[in-house]
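Residue numbers (the numbering used here): 642 to 875.
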């Protein structure tokens, strides 16, 4: 007998900043035909839609506060009722702590579901600075470029070999690309400290359940995709 739990793929994709989640997440979406759910996007959508939870979140954010776990879980619960989640979903940016992981597990258990796969993209800290500091993003679409690994077609370099800002344009829209304010060596140190201290223990939380697969994210992109497909049984 096939249960609801068996039919739905609920994927958590983990990795430090610059590990390639934004690159490989869409491939997983396409492979499994399920959406990626970003907690940030869900919060903003709930605020715009003026749902009861969205209005609560709007008030908290307007006062500069952090949205509590209970509210985030409620917004996830609302979102996964949508038809596009009928086969499952990928969570991006959640859970970030053990407390959030436990709350997510309870939410899923209440619906006869569970996390079916946790994929960790493992990249050494020293390899991340080059990736992060060379990254440029198309703000509206989220398309990501890198000055060495995946430069935009329009990119031109100055006499010092650095990209000229005005030439960094999206390949599709030709709109100017931007660099995130926290894509700096100094900010990366803080972000990695947070990742290692809070996020990595979540992997230990899920390991006893037999759902965690670590993928070497510091190799050729084709090999990374193959490892991910194997982890997903594809």
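Here a beta-carbon is modelled for each residue, glycine too, at the ideal position from N, C-alpha and C.
The model shown is predicted, which means the values in this text are computed figures rather than measured ones.
Whole-angstrom distance between residue j and residue i, CA atom to CA atom
| i | j | result |
| --- | --- | --- |
| residue 739 | residue 856 | 21 Å |
| residue 643 | residue 649 | Residue placement at residue 643 is flagged as unreliable, the pLDDT there being 44, under the threshold of 50; the coordinate-derived value follows with that caveat. Answer to the nearest angstrom: the Cα atoms are 11 Å apart. |
| residue 862 | residue 733 | 20 Å |
| residue 765 | residue 873 | 23 Å |
| residue 758 | residue 869 | 11 Å |
| residue 677 | residue 751 | 21 Å |
| residue 702 | residue 835 | 22 Å |
| residue 849 | residue 760 | 14 Å |
Three-way DSSP call (helix, strand, coil) for residue i in this model
| i | result |
| --- | --- |
| residue 865 | helix |
| residue 729 | strand |
| residue 793 | coil |
| residue 680 | helix |
| residue 785 | strand |
| residue 648 | helix |
| residue 849 | helix |
| residue 754 | coil |
When the options are compared against residue i, the one with the closest alpha-carbon
| i | options | result |
| --- | --- | --- |
| residue 717 | 690, 693, 745, 701 | 745 |
| residue 851 | 700, 756, 742 | 756 |
| residue 768 | 652, 657, 653 | 657 |
| residue 667 | 864, 860, 783 | 783 |
Range covered by the beta strand (DSSP E) that runs through residue i
| i | result |
| --- | --- |
| residue 877 | No answer is possible for residue 877: the residues shown for the chain start at 642 and end at 875. |
| residue 759 | 758-763 |
| residue 776 | 776-778 |
Proximity test, residue i beta-carbon vs the ligand ZN heavy atom, cut-off 7 Å
| i | result |
| --- | --- |
| residue 695 | As far as ligands go, the structure on display features none, and thus does not contain the ligand ZN. |
CB of residue i within 8 Å of CB of residue j, strictly
| i | j | result |
| --- | --- | --- |
| residue 697 | residue 712 | yes |
| residue 681 | residue 687 | no |
| residue 669 | residue 651 | no |
Residue i, enclosing alpha helix (DSSP H) - first and last residue
| i | result |
| --- | --- |
| residue 669 | 662-673 |
| residue 704 | Residue 704 -> no alpha helix (DSSP H), and no H or E assigned at all. |
| residue 719 | 710-720 |
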